[in-house]
Every structure is written in structure tokens, then in C-alpha cells.
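K.L.:
I am attaching a structure below and will ask some questions about it afterwards.
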Amino acid sequence: MPTFTEPPMPPRHAQQQTAERDPDFAAWARGFGMISHGPVTQACIARLLERHAHTPEHRREWLTKLMAADRLANMGMWLVAHMTYGQRVRLDGKPLDAADFKQRPEGHTGGTLNMVPAYVGYLTANSLSRLTRSWMMGQGHCVAAIDAINVLVDNMGPAHHERYSLSDEGLTRLVNDFYHCAVDPTGHPASPLGSHVNPHTAGGMSEGGYLGFAGLQYVHMPLAHQHLVAFLSDGAFEEQRGSDWMPRWWRAEDSGPVVPVMIANGRRIDQRTTMSQSGGTHWFEEHLILNGFAPLTIDGRDPAAFAWAILSAEAELAEQVYALEAGHGRYPLRLPYVIAETVKGYGFPGAGTNAAHNLPLDGNPALDETARRQFNEGAAALHVPLEELRRAVAQLNDHATSQRPKERDHDLATAVVPTPSMPEIPAFTQGELISPMAAIDDMFCRLVEANPELRVRVGNPDEMRSNRLNQTLDLLKHRVTDPEPGVAESLHGSVITALNEEAVVSAALGNKQGLNLVASYEAFAVKMLGAMRQEIIFARHQREAGREPGWLSVPLLASSHTWENGKNEQSHQDPTLCEAWLGEMDDVAPTLFPVDAPSAVHALQRLYASRGRVAVAVVPKNPVPVVLSAEQAQHLITDGILALSTAQDARIQLFAIGAYQLIEMQRAQSRLQQAGIPTSLFVIQEPGKLREARDEREADATLGESRLSQLVTDCHARVFLAHCRPEALCGVLRPLDTGGGTRFLGYRNRGGTLDVFGMLYANRATWAHVLEAVSEVAKLKLEQLLDEPERQALAGEGDPEALR
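Just so you know, we're using the working numbering here: the sequence shown kicks off at 519 and counts up by one.
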């Protein structure tokens, strides 16, 4: 099985002849500071020059850029060390005194030092090829490497540009802002630097705080004309399974070249990585080959090795695509995968130890003379005189002459997806039994067909037909490498299917330039939570930084849900995801409970017209009655709550959250009306709209006290019946809680192999249980509302069938 590997090392006399014939090559080959170029890397660069630098002038230009990269990498590591330990920067390189150091140093220093040559290599590859690639970094805690280099090369966003510069004063402010931890009067961090990638990080797209998700997203990110370099880590490789499948999903027809680059330093926080314990990168190479990659192992301490690997990996992938187009080969192609072997914290004292993860020195330089000496000696080995650094930066900053954007403005960081054309929503007949999931299915297919320019990804952890998305599957098909006849499969399908919730949701979240949908059994969708939360946090911070997210909002349909999944055991009956999502900020993370087909399709259409939001929609797959008109559905979307019927001087108000809950509430209301008790019935689709806003941004998405009081008149007695656990809902709906006059009913952690009624009864959530709560808060006698068999069933002393 072929694998893309480094060229063999040339004989020593051949290297000597190259150096003798080319003094520029010899000057680069000598290395600089802590950067050295091993024989294999020298051979790689020699072949790269032979292939691309065809004139002496061009060859000299490339070698000058490579020498510039050495200097930039040294000073990047120098500045990273200062960000961890220093509170003063001296660009003249003079030793720092005790007063120049932080009393409480902080930083993920080891991994950050390892990222410096990687990011410099990425910049160098861009400069050599005159092409600005996109980048992302899964190990977001290494952000100081990106921020440090960006300051040195003047590749900064507005917030950093206002505060930092290549001067003693500008860099001193940078190191003091790092882990500053102060809060401004509005409650936001006072410093634009973060412990992880944030929206002020030039070119940053993802926090990288949830390790492993970058490895699941990168292959779904670039469009066919875009290039992406994804920096990953050997520690994160342990975090989420599914990154092994990326060759299964990549197609040249709809995705540009992707180059995953793993920084393999062999250590996590306090011990070796599992990979290191299993046999190191040799074991990982074999693992990659078995999973369809072409591993490429390089010296992770050398920026030239990274530059060569990026350019060579893209060339190798392009050759495979050309062969495929010529009729040779087949998918999956062998995606190149760069393994950058290094020592954690290389370039500074303490490298290779557990301490290198955070604070590599034995002590605090502000307090300990030995640690201070170690710091100054380590910094001196990395220091580059200012004018020499400026010349190096000028060599790599060729954006104007090559007419390419700065790395802060790479394609994926600046993409804005056009608002999609919306298909007309069909009319529904009131009272008709329709599956809300089937209605969404029809609407989504017409949305896809109306917007052929948008790449589509549907995240599906299996059971797509069970969730009633039949038309979507037939139209878009499972993406596979060997389609099975008679099955909805295609080489270029848009449905990413795997029994791995993290992997499939990442396919949709990674496709930020397209149209996305995710559907899952509700109980298992909770495994998607971390990936979803990372996206909405970053999107919200982008808005706060003045960078409006450009991606279309993503719905996650939680179906085959708690109340209709009774045929399975209690493991399949879990509303945890919607409860957790109710805790997020409603402006970016709405939680929806549509009650019928109109409310479901109108809600999704409104969502697709918005940006930077991830919504959880709990949607029934089984047919339920159409209750709302199109106009009512629109009002429900706007306000999150709708009065289905109001009674003058109502003695009780009923609130339904969920489709099956509405059915029970309607039955309860009917019994109350028979008893002559004036009752109002409301449906709540988006509880978060009714909450007390937690900041100004969420206030824009919530109703506020004035509007809520217009929609819901005063009434002391209120009963809520919820799809989820009632405890999770109480705090959200506190503005409607009257205290002793309010009861919340819902899921009580009871289940088993039951039907819908059995689930409702087991959780004391039937219409009769609603009436029991009504009798308590409205001071009614239960005998007025229920007959004897019903009361006995309610008390657990009679046949539950009396309540069916």
C-alpha cells in the first residue's frame, strides 16, 4: 500500500556539493538560533527548489524567505516565553531583572512553543507559493503562538492593532495583557488576548477549547477553490473518535485541498500521550495508512519542514485528483497527513518535561535567581536583533506584490453566505394528522432545490428514515465510497452518516459556507453538545467584537424523542440536550418545541434566514394534529408563546411545551370547560424568549416584561406541562411563576418499554395529572373534574387505562 513519505536522505558528499555550488543554500542550511535543519529536511528543500525555483533569482528569493522564517520562528518563541513569564519586553535582548517578571506567570507554554514553527511554516508556505491559505487550530490553548507571530508580522485585527506593535512599549503591553484576567465595567474581559483563540485572534475561526472537534470538521470546511491547513495535536487525537474517517468524506468536486498537521510532542498535561505509549509516530503512521491517509513525518522543530510539507502534501493530493480525472484511481483518495515530531516546549529550558505543558522553568523568575538565569539564557539563545527581524518580516510579508490577502483575511475567516431563497410553505388543513418531521423533510428538500449554489451537509447518526426524512435522503443520499445498488447512496452524497454523533454534527458545523441540517434521536443527541456549544460561544463573542458571523444558522432536530420512543428502554428516553440548551443564551442558542407541522416548518424557515445560531428543535416524528394556522405559526415564532384560547376572567391558565403535552392540555381544558371553569390555553414554543434576559444581547432576543404581560394576562393559578424535566424549566419561565399558584409537570425520569400513554402516566404527565395540579392551585375539588375510576388511577390504586 503506497504512502507519501519523505525523500531518502542524499549522500553526505551530495549535500556538500550542493552547499559548495550554492552559498545561499549553505547559509540557510546552517540554521539560526534554536532552529536547525536536519539532513532529511535539507534534502526536501533541495528537491522543492529544483521543482519550483527555476532561475538563480527565484532560488535566491526562496532561500531568503526560508532564512527569514528561521529568524521569525526564533523571535516567536522568544516572545511566547515573555508572554508566560515577563511583564517587560526588551527588544535589544538585554537580560531582564527580577522586577521585569510576573509575580504569577501563566501560559500553556510547551504546546505554544511547538506551534510557533508550525505557524511560521504556514506563513512561509503562503509566501513561497503566493497563496493565502486558511488555517484553523484544534489546540486553542496554544493561541499565544498565533498572537505573538501576528504581532511580529503586523497581521492583526482592529483590537490588537490598537494596542500592540513591534516596539518595547507595544510588546510590553502584549505580555501584560496575556492572562491579565481583569474585567471591564460591562463584565467582559478587559484584555483582547485570551487563553484560547478568540474573535480578536487574527484569522481565528474556532476557540479550539473542546479538543478533538477540529479533527472532525476540517475536511468539511473549504469549498473547492479554497485551501485549508488544520493544526491538530496528538493529545486531541485521543479525545474524539471519527477523525480517521476524513478520507471517506473528502471529494475534490466540492472541497478544496486540506492539509492536517499533527503536532506530535508526545505529552499531555501530566504524562505521555497514549500514542507515545503505544509506539509513537511509527504506530500512528501505520494507523493512518490503514485508515486511508498518506502519512508524512517531518521535523516539527523546523519551520522549513512545515512549509515543505504543506506544499508537498497539496501537490501529492493534486496528483491524485489529476489521475482520478484521467480515469485512474478511485475514491477515497489517500489524504496526506503531516506528523510533526517534536519535543514539548522545544526551544526553551524545561523542554520535554511534564512542567513544559504550563510553566517549564523550575521556579518563578520574579522570585528565584536560578529560574531567572534559566529564562535569560533561554531568551538569549532565541533573540534576533530588531533590524534583522524587520528584514525577515519584510521578506515574508509579500501580500501587496503577490496580490494576496493577509492571513487575518483568509477565505474561511471572511466568508459570508448569501441569504437563501425561501420556498413557499404549503397550506395545512387544521385537524389533519401530519408528522412534523415529514413536513420539515418536504420543506428542506424544496429549500435545497431552490438554492443549488449552497453546498449541503446533513449530519445523520443513522435512523434517517426512522426520523421521517425520507425525501431528504432520497434527494441527497448517503455519502459513501462504494454505493450499494438500490440504496440511497452516492459517491457525492450530502448526507454524512456514521454511528458517531460528534462526527456527524461536526460535518454540518464545519460546512459554514453552506446549508446544513442535523437530525438525531433525542436521547443520543446530547453527545453533540460540546461541538455545538463551542460554535455558539465563538459566534456570540464574534458579535461582541464587531465580527458578525457569516454562516447560516444550523438546526438540530431531536426526534424519536422521549415521549414517542417508549418502545425502547429508558436509555432512549432522555431530554437532557434541550434542558442543557435552555441554559445557553437565547440569541445564539434557541430551544424550540414545535407542536405541529406548521409551527415546525415556519420555525425552521425563520432560522435559515438568520446567522450564527445553533437551534435545538424537539420535533415529533409521528403524526400529530395540525393545530395552528400559518398566521398563528408566525406569531408563535415571533413571540415564542401563543394563546390558543383565552377565557375572560380565567380561573386557570394552562401552558403546553411540546406536541404531546399540548394534546394532554387540550383534553384537560375540555374537562375544565365541561365543569364550567373558565380556562385559557397557551402554547410555548421557545421558552427562552420568556426568560429574564441575562445581558443586553439576550434582551434583544427575549420579549421583556412589557410584551409578556400583554400576551399573558394576570392569573394566580397556572399549570405548565413540559416535554423536559420541570426543574429545568422553572428558572427559565420564572417571569410566569406565581409562586404557590403555579405547578410544573414534565419528565420525572420514569420510563421503560412503554407507549406514549405509558410514558405520560409513568411521569405523572397525563391530562388527569394536569387536572390534579389544577385542583391544587385553583382550590377546586378533584371530584368536580374526575370520576371515581379516574381518581383511583390517578392515585395509583386503579387501572391506568381509565386515563388513556
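Beta carbons: idealized from backbone N, C-alpha and C, even for Gly.
Every value quoted in this text rests on a predicted model; they were computed, and no experiment measured them.
1) Please state the DSSP three-state secondary structure of M593.
2) Can you tell me whether L581 is helix, strand or coil according to DSSP?
3) My parser needs the beta strand (DSSP E) runs of 3 or more residues fully inside the region 946-1021; what are they?
4) So the alpha helix (DSSP H) N694 belongs to, where does it begin and stop?
5) For H901, which option in T627, Q560, L1251 and L614 has the closest C-alpha, if you only look at C-alpha atoms?
6) Tell me whether the region 732-748 and the region 680-692 touch, counting them as touching only if at least three CB pairs, one residue from each stretch, are closer than 8 angstroms.
7) Considering only the beta carbon of each residue, do V1022 and T990 sit closer than 9 angstroms?
8) Determine the DSSP secondary structure at A866, reduced to helix, strand or coil.
9) Helix, strand or coil for A1193 per DSSP?
10) Where DSSP assigns a beta bridge to M780, which residues make up the other side?
11) Tell whether a beta-carbon distance below 9 angstroms holds between W1099 and Q1091.
12) Report all residues from its chain with a CB closer than 6 angstroms to the CB of G1259; omit the five preceding and five following residues, and keep chain order.
13) Closer than 8 angstroms by C-beta to E1182: which residues in its own chain qualify, once you throw out the five before and the five after it? Chain order, please.
14) Return yes when the Cβ of Q657 is within less than 9 angstroms of the Cβ of M633, no when it is not.
15) Quick check on T1260: does DSSP put it in helix, strand or coil?
16) CA-CA distance, K995 and S645?
17) What separation, rounded to the nearest whole angstrom, lies between the Cα atoms of D540 and N716?
18) Give the secondary structure of I563 by DSSP, where H, G and I count as helix, E and B as strand, and everything else as coil.
19) Quick one: using the 10 Å Cβ neighbour count with 16 as the cut-off for buried, is S1078 buried or exposed?
20) Three-state secondary structure (DSSP) at Y728?
21) What is the rounded straight-line gap between the Cα of P1318 and the Cα of F1262?
22) Select from H800, A1025, H1153 and V935 the residue whose C-alpha is nearest the C-alpha of I1202.
23) Taking the alpha-carbon of R908 as reference, which of E950, D588 and V1250 has the nearest alpha-carbon?
24) Ignoring anything shorter than 4 residues or poking outside the region 1217-1278, list the alpha helix (DSSP H) runs there in chain order.
25) Is there contact here, the region 674-683 with the region 904-920, by at least three beta-carbon pairs under 8 angstroms?
26) Give the straight-line distance between the Cα atoms of A616 and W596, rounded to the nearest whole angstrom.
27) For D1232, is the classification buried or exposed, using 16 other Cβ atoms within 10 angstroms of its Cβ as the cut-off for buried?
28) Report the three-state DSSP secondary structure of W1326 (helix, strand or coil).
29) Skipping 5 residues on each side, what residues in its chain have a beta carbon closer than 6 angstroms to that of E1315?
30) Apart from the five residues just before and just after G1374, which ones in its own chain have a Cβ nearer than 6 angstroms to its Cβ?
31) If we count the other Cβ atoms within 10 Å of its Cβ and call it buried at 16 or more, is T1109 buried or exposed?
32) Run through DSSP, which three-state label would T758 get?
33) Would you give the residue range spanned by the beta strand (DSSP E) that Y1039 belongs to?
34) Is it the case that the Cβ atoms of A643 and V747 are separated by a distance below 9 angstroms?
35) Within a Cβ cutoff of 7 angstroms, which residues of the same chain sit near N592, ignoring the five residues on either side of it in sequence?
36) Could you check which residue in W767, D702, S953 and A874 has the C-alpha nearest to that of S1008?
P.N.:
So, to answer that:
1) helix
2) Three-state result, L581: helix.
3) Every beta strand (DSSP E) stretch that sits fully inside the region 946-1021 and reaches 3 residues is listed by chain position as 974-978 and 1013-1015.
4) D686 to D695 is the span of the alpha helix (DSSP H), which, as asked, contains N694.
5) L614
6) no
7) no
8) The amino acid occupying residue 866 in the given sequence is Phe; Ala does not appear at that position. In the structure shown, F866 sits in coil (DSSP, three-state: anything other than H, G, I, E or B).
9) coil
10) L750 and I857
11) no
12) H1234, A1235 and V1295
13) A1174, L1239, L1278, A1283, T1284, W1285 and V1288
14) For M633 and Q657, yes; Cβs fall inside 9 angstroms.
15) Here DSSP, grouped into helix, strand and coil, assigns T1260 to strand.
16) 40 angstroms
17) Rounded to whole angstroms, D540 to N716 spans 44 angstroms at the Cα level.
18) In the structure shown, I563 sits in a helix (DSSP, three-state: H, G or I).
19) buried
20) Secondary structure at Y728: coil, using DSSP grouped into helix, strand and coil.
21) Our two residues, P1318 and F1262, have alpha carbons roughly 22 angstroms apart in a direct line.
22) H1153
23) Looking at the Cα atoms, D588 is the closest of the given residues.
24) 1222-1229 and 1244-1250
25) no
26) 18 angstroms
27) Counting Cβ neighbours within 10 Å, D1232 comes out exposed, since fewer than 16 surround it.
28) Only positions 519 to 1322 of the chain appear in this structure, which leaves residue 1326 out of reach.
29) none
30) Residue 1374 is absent from the model: the chain starts at 519 and stops at 1322.
31) buried
32) Checking the displayed sequence, the identity of residue 758 turns out to be Gln instead of Thr. Correct three-state label for Q758: coil.
33) L1033 to Y1039
34) For A643 and V747, yes; Cβs fall inside 9 angstroms.
35) Spatial neighbours of N592 in its own chain (CB-CB distance under 7 angstroms, excluding positions within 5 residues in sequence) are listed in chain order as F550, G551, M552, I553, L900 and V902.
36) Checked all of W767, D702, S953 and A874; the closest Cα to S1008 is W767.
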